[in-house]
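Working notes, beginning with the structure itself.
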Amino acid sequence: MATTSIARTVQFKIYRYDPDKDAAPYLQDITVDLDPSDRKLLDALTKLKGKDDSLSFRRSCREGVCGSDAMNINGKNGLACLTDIDSLAQPITLRPLPGLPVIRDLIVDMTQFFKQYHSIKPYVVNNTPVPERERLQTPEQREELNGLYECILCACCSTSCPSFWWNPDKFVGPAGLLAAYRFIADTRDEETNERLDNLEDPYRLFRCHTIMNCVDVCPKHLNPTKAIGKIKELMLSRAV
Amino acid sequence: MKVAKRTFDAVIVGAGGAGMRAAVTLAESGLKTAVISKVFPTRSHTVAAQGGVSASLGNSEPDHWTWHMYDTVKGSDWLGDQDAIEFMCKQAPQVVVELEHYGMPFDRTDEGKIYQRPFGGHMSNFGEKPVRRACAAADRTGHAMLHALYQRNVRANTQFFVEWLALDLLRAPDGRVLGVIALEMETGEITVFQAKATLFATGGAGRIYYSSTNAFINTGDGVGMAARAGIPLEDMEFWQFHPTGVAGAGVLITEGVRGEGGILRNASGERFMERYAPNAKDLASRDVVSRAMVTEINEGRGCGPAQDHVMLDITHLDADVINKRLPGIREISIQFAGVDPIKAPIPVVPTCHYQMGGIPTNYHGEVVDYGNVIPGFYAAGECACASVHGANRLGTNSLLDLLVFGKSSGESMVDFIRKEPAALPEIPQGEIDKALARVNRVNTQTGGADVAQTRLAMQRTMQNHAGVFRFKDMLQQGVDKILDIEKQVQQTEIKDKSQVWNTARIEALELENLIEVAKATMLSANARTESRGAHVRDDAPDTPEHPNGRDDQNWLKHSLWYRDGNRLEYKPVNLNPLTVQSVALKTRAY
């Protein structure tokens with residue numbers, strides 16, 4: 001719980017890289033004066049940008065639902081808008097999400113992350129004729145999607161996963177696999193077998209070594225490792 | 001500056017609910033479609049919607065689209081166009097069922113149907129009693145909907161241009177729209193997107209206000225581009241506010257807090273609502289409470305260093321009651337106000353929530369300038385004004401608006417594109433040069449105003465002069481202030497002159513869009529000398545002659561603000577539905 005805050009000066013070390021002028025990235029020491037109303041790391045970043053408008057980062061909803069402002073905060077991935085400034089040891093070290101190419105400052109190229117998400121066919125496939133009304137699903141069947149559909153695609157999980165760092169082109173990663181199970185678990189989807197075929201590969205699914213960094217960092221408290229386990233179970237039961 | 005050119009059948013600007021619904025229709029029709037978005041599609045602000053999307057499915061009890069229509073007209077304080085409202089309410093069940101077929105994870109009834117919950121203003125049998133009409137996925141309906149629409153577009157192979165900022169609309173000398181010019185954030189390069197049909201689905205501009213529930217990205221880009229292209233903006237004086245958003249952060253605190261016994265207090269700790277509403281006190285209606293709060297702040301009794309908010313106090317309640325009845329509010333308060341409401345009051349301020357006005361369209365999604373359809377130009381969602389929300393939007397009709405008018409504009413575009421000749425007309429160089437000059441101005445300006453400070457001055461002015469309750473003299477002063485701030489906006493200076501992912505430049509360009517919305521709002525509000533829906537003025541009070549201050553004789557009409565010369569014109573409200581009887585005018589009371 002955040003305590004009542006006061007005006008204060010906070011020290012940062014921020015990863016800076018502008019391809020237009022920097023030969024190599026560096027860590028910038030910078031301090032910022034905060035008002036009592038500045039609670040979240042995103043508030044501090046907004047103040048820092050007021051001081052130096054060249055500091056670059058993504059942000060939008062500022063309440064943890066859009067997934068824009070994921071970054072590496074004192075060594076751990078998280079959302080700037082949901083992280084209390086006063087909970088962090090100073091100097092607060094901010095780096096871009098690990099394992100993805102850096103475009104500028106805290107902005108990474110997420111192409112590979114979304115490529116893996118797209119690779120699992122992230123949409124319900126149902127080839128029966130479209131009914132006039134909704135397809136029926138019991139409340140219990142619907143409950144199977146809880147803990148899966150809430151993903152905000154912030155990439156905190158996949159970019160904290162050593163297997164994804166080593167093989168971002170081959171291993172789907174926790175976010176993509178969570179999404180894969182979201183469609184397998186949906187009773188309206190008819191392609192479970194094809195979805196399992198699509199993951200039956202030494203890398204795509206089986207590079208998960210249950211290190212569970214993904215669970216540790218997920219700002220929505222989701223559990224990709226559990227979803228991956230369920231996919232592996234289905235593969236096994238299909239094999240026997 | 002080198003400008004590349006790409007050509008498409010259709011270009012959609014904005015990848016929220018409306019843009020992506022239109023994209024599904026266009027892409028599945030086999031047309032070459034580009035969707036330009038300044039954020040990755042699932043980061044669009046539709047993602048933040050919570051409660052539901054309305055449709056008279058009748059899954060739990062009898063419902064009918066005519067009842068939904070009645071509620072919507074009444075909610076709009078009769079400013080909504082009844083042809084568009086009929087169209088929307090009639091279409092609602094179909095578009096919601098389609099969304100379910102796309103994979104939307106709606107909650108379910110015991111029978112396996114889409115779960116529906118009651119909501120404010122949703123009634124059965126023409127205002128008789130509450131009805132379950134809001135189709136919901138927990139309290140994450142917008143998130144579930146936006147992701148389902150993105151997923152459907154992945155299936156349809158829609159071509160997205162992610163993290164591109166549209167700069168300006170491109171028009172032919174005869175007025176038809178030829179496409180847009182846009183800036184790629186990653187490279188800083190500028191490209192012309194020429195298309196037979198162009199759709200704006202760019203969302204609202206809630207960031208014109210200091211305190212807003214809206215995301216940083218809600219900067220009215222499409223509305224600003226339309227204004228610069230000579231297209232009027234309709235009913236921009238109407239903004240939906242909520243009395244209790246967290247001061248500074250803008251995150252919403254539900255009315256249920258006051259239901260549990262919460263009290264609003266000013267800087268001296270006084271329970272000020274006793275003076276404004278001796279009976280209902282803190283549980284008076286939203287406009288009364290918001291009006292009282294703004295009056296306290298304007299008269300110097302606000303709290304904090306800037307005296308810009310009041311306090312919502314529940315410290316006198318038992319901690320068990322708070323933990324049992326208001327756990328989510330406690331969480332929000334701790335997260336975003338840094339205050340545990342068991343121990344200290346929550347700083348709150350009336351919070352801007354939704355833009356009822358926008359780019360004028362008909363219910364086909366075609367943009368109309370005083371009744372004349374502008375060929376090749378379409379708008380849908382919060383940036384558009386069909387007008388279904390009129391002077392006040394009904395809860396859950398925003399998500400419905402996205403689906404219905406996203407779809408109808410997509411279908412209109414398919415028809416239009418198929419009738420167009422294959423050869424595309426020449427884009428006048430002057431149109432391209434105007435946009436390049438704006439970017440060049442931002443790139444080269446020295447000795448100008450700071451972007452963040454200028455934006456803050458605009459937001460404070462809008463909050464104080466055109467807030468939830470309006471005062472005649474404050475509106476007049478507000479017009480002068482906003483026109484002054486506009487001069488600074490046209491001279492902002494950024495220190496960062498780089499090309500790659502220059503967010504300073506993006507923010508300067510966004511501010512140029514915000515200021516158009518701010519001007520339209522302030523001038524339209526100053527001119528409308530009645531009270532109606534969300535627009536409540538001190539000089540248009542509740543009288544026997546004009547109940548609620550509404551003046552149908554003089555003001556039952558839509559405002560149209562033109563950027564050129566800040567001209568205001570008016571057009572009649574359409575009281576004639578398509579197939580049913582008109583919902584007749586009467587005094588609005590719940």
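The listed protein sequences derive, respectively, from chains A and B. Start counting the first sequence at 1; every next residue gets the next number (full-length UniProt numbering). Start counting the second sequence at 1; every next residue gets the next number (full-length UniProt numbering). We put the CB at the ideal spot given by N, CA and C, even for glycine. These numbers were taken from a predicted model, which means no experiment stands behind them.
{"Item": "Beta strand (DSSP E) segments (min. 3 residues) lying fully within the segment 299-375 of chain B", "Value": "310-313, 346-355, 366-369"}
{"Item": "Inter-residue Cα distance where the pair is B:GLU366 and B:CYS385", "Value": "11 Å"}
{"Item": "Residues of the segment 85-113 of chain A whose Cβ lies closer than 7 Å to any Cβ of chain B, in chain order", "Value": "ILE103, ARG104, ILE107"}
{"Item": "Range of the contiguous beta strand (DSSP E) that encloses A:MET71", "Value": "70-73"}
{"Item": "Other residues of its chain near B:ASP538: CB distance less than 8 Å, five sequence neighbours each side excluded", "Value": "PHE469, ARG470, PHE471, LYS472"}
{"Item": "Chain A within 7 Å of B:SER212, Cβ atoms only", "Value": "no"}
{"Item": "Beta-carbon proximity of residue 602 of chain B to B:ALA457, cut-off 7 Å", "Value": "No answer is possible for residue 602 of chain B: the residues shown for chain B start at 1 and end at 590."}
{"Item": "Rounded separation between B:GLN91 and B:ALA437 - CA only", "Value": "43 Å"}
{"Item": "Where the alpha helix (DSSP H) through A:PHE183 begins and ends", "Value": "173-184"}
{"Item": "Buried versus exposed call for B:LEU99 [16 or more other C-beta atoms within 10 Å across all chains shown]", "Value": "buried"}
{"Item": "Contact with chain B by A:MET1, beta-carbon distance below 7 Å", "Value": "Low local confidence applies: a pLDDT of 31 at A:MET1 is under 50, so the model's placement there is unreliable, with the coordinate-based value given in what follows. With 7 Å as the cut-off, A:MET1 counts as an interface residue toward chain B."}
{"Item": "Which residues DSSP lists as bridging B:HIS242, in chain order", "Value": "B:THR351"}
{"Item": "Whole-Å CB distance - A:ASP189 paired with A:VAL124, under 8 Å assumed", "Value": "5 Å"}
{"Item": "Close beta carbons around B:LYS557, own chain, < 8 Å, minus the five adjacent residues each side", "Value": "TYR570, LYS571, PRO572, VAL573"}
{"Item": "First through last residue of the beta strand (DSSP E) which encompasses B:ALA195", "Value": "190-200"}
{"Item": "Whole-angstrom distance between A:ALA179 and A:THR3, CA atom to CA atom", "Value": "Confidence is the limiting factor: at A:THR3 the pLDDT is only 40, short of 50, which leaves the residue's position unreliable and the question unanswerable from this model."}
{"Item": "Span of the alpha helix (DSSP H), counted from its first residue to its last, around B:THR444", "Value": "429-444"}
{"Item": "DSSP three-state assignment for B:PRO41, whether helix, strand or coil", "Value": "helix"}
{"Item": "B:GLY300 versus B:HIS122 - alpha carbon distance", "Value": "38 Å"}
{"Item": "Contact under 7 Å by Cβ, A:LYS13 with A:THR93", "Value": "yes"}
{"Item": "Environment of B:PHE238 [buried if 16+ CB atoms lie within 10 Å]", "Value": "buried"}
{"Item": "Which of helix, strand or coil DSSP assigns to B:GLN50", "Value": "coil"}
{"Item": "Per-residue contacts from B:PRO350 into chain A (C-beta, under 9 Å)", "Value": "Near B:PRO350 there are no residues of chain A at all, since even the closest Cβ is about 17 Å away, more than 9 Å."}
{"Item": "Assigned secondary structure, B:THR141 (DSSP; H/G/I helix, E/B strand, else coil)", "Value": "helix"}
{"Item": "Closer than 7 Å to chain B by CB, A:TYR15", "Value": "no"}
{"Item": "B:ALA423 to B:ASN153 span [Cα, whole Å]", "Value": "27 Å"}
{"Item": "Pair within 7 Å by beta-carbon distance, B:VAL388 and B:ILE114", "Value": "no"}
{"Item": "Through-space distance from B:SER333 to B:ILE314, alpha-carbon basis", "Value": "12 Å"}
{"Item": "Neighbour flag for A:LEU42 against chain B, beta carbons, 7 Å", "Value": "no"}
{"Item": "B:ALA391 versus B:PRO243: straight-line alpha-carbon distance, rounded", "Value": "17 Å"}
{"Item": "C-beta contact flag for B:GLN491 and B:ALA449 at 7 Å", "Value": "yes"}
{"Item": "Straight-line gap, A:LEU97 to B:GLY549 (C-alpha atoms, nearest Å)", "Value": "55 Å"}
{"Item": "C-beta contact flag for A:VAL217 and B:ALA48 at 7 Å", "Value": "no"}
{"Item": "Contact set between the segment 135-162 of chain A and chain B, restricted to residues whose Cβ is under 7 Å from the partner", "Value": "ARG135, LEU136, GLN137, THR138, PRO139, ARG142, LEU145, TYR149, GLU150, LEU153"}
{"Item": "Interface flag, A:SER119 vs chain B, CB-CB below 7 Å", "Value": "no"}
{"Item": "Distance CB(B:ALA195)-CB(B:PHE416) smaller than 7 Å", "Value": "no"}
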